[in-house]
Amino acid sequence: MSKPPIFRDSVNKKINERLTDSYTVDQRLHGLLIGKKGRRLKKLTEETGTRIHVERGTDQVMIYGERENIEQAKIAIEKALRQKQRPTHFLSLPIPSVHHQLEAFYSKIDSVDPAAFILPANFHITLGVMSLVDQTEVERAVRYLKEEGSKVVNDKLKGRPLDVKLERLGVMQSNPGLVE
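At position 154 of the sequence shown (counting the first as 1) the number is 154 in full-length UniProt numbering, and the numbers step up by one without a gap.
If you want it as structure tokens, here you go:
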């Protein structure tokens, strides 16, 4: 499996029996890599037995240590960044057949500001969320969904209609206490 485009190996040099390796990480992700007060970077350094230096203003992260530890650091960096990234895209299933029912439902609820409701034309079921960090990843995801998406759905549904049972209303806020 090839590495995501934001992570690329480049130079490695041997210095006093230790290696220096330059690793590319999009500078927009440097804050995630460093963490609050440098805690994540310090943890990665301790866990991998390397010294990691983030080059400000560039996409370069320098990793110093033994070859095996440098490879561990690269894997740990990639994993840490993937875990901490916020979703950037979502996959949804539009539901145009419920427009009239939604409009009727909205009209019956007079205690809520109509601006709080999603437009019936935008009503959908979110199937999943993704963190796609650059155009290459977006294109790869789109290509997969076009080539394989219908196969996966058809395999799961086995020719049956999609039956959805709504169990609860959830809050789309990281801190539910902020919701009025």
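Think of the CB as a built atom: it goes at the ideal place given N, C-alpha and C, for glycine as much as any other residue.
Keep in mind the model is a prediction, meaning the values are calculated, not measured.
Beta-carbon gap between residue i and residue j smaller than 8 Å
i: residue 28; j: residue 34; result: no
i: residue 95; j: residue 125; result: yes
i: residue 61; j: residue 55; result: yes
i: residue 32; j: residue 81; result: yes
Neighbourhood of residue i by C-beta distance below 6 Å, restricted to the same chain and skipping five residues each side
i: residue 99; result: 120
i: residue 163; result: none
Residue(s) in a DSSP beta bridge with residue i
i: residue 91; result: 128
i: residue 51; result: 64
Three-state class that DSSP yields for residue i in the structure shown
i: residue 45; result: helix
i: residue 148; result: helix
i: residue 39; result: helix
i: residue 167; result: coil
i: residue 109; result: coil
i: residue 158; result: coil
i: residue 136; result: helix
i: residue 25; result: coil
i: residue 57; result: coil
i: residue 118; result: coil
i: residue 86; result: coil
Same chain, Cβ closer than 8 Å to residue i, neighbours up to 5 away in sequence not counted
i: residue 26; result: 6, 59, 133 and 134
i: residue 167; result: none
Own chain residues within Cβ distance below 7 Å of residue i, not counting five before or after
i: residue 64; result: 18, 20, 50 and 51
i: residue 102; result: 120 and 123
i: residue 93; result: 124, 125 and 127
i: residue 159; result: none
i: residue 30; result: 54
- Message: If contact is defined by three or more beta carbon pairs under 8 Å, each pair taking one atom from either stretch, is the region 41 to 58 in contact with the region 70 to 90?
- Response: Proximity of the region 70 to 90 to the region 41 to 58 meets the contact definition, three or more beta-carbon pairs being nearer than 8 Å.
- Message: Within 8 Å, do at least three Cβ pairs link the region 128 to 147 to the region 85 to 102?
- Response: Touching, yes, given that three or more Cβ pairs across the two stretches are closer than 8 Å.
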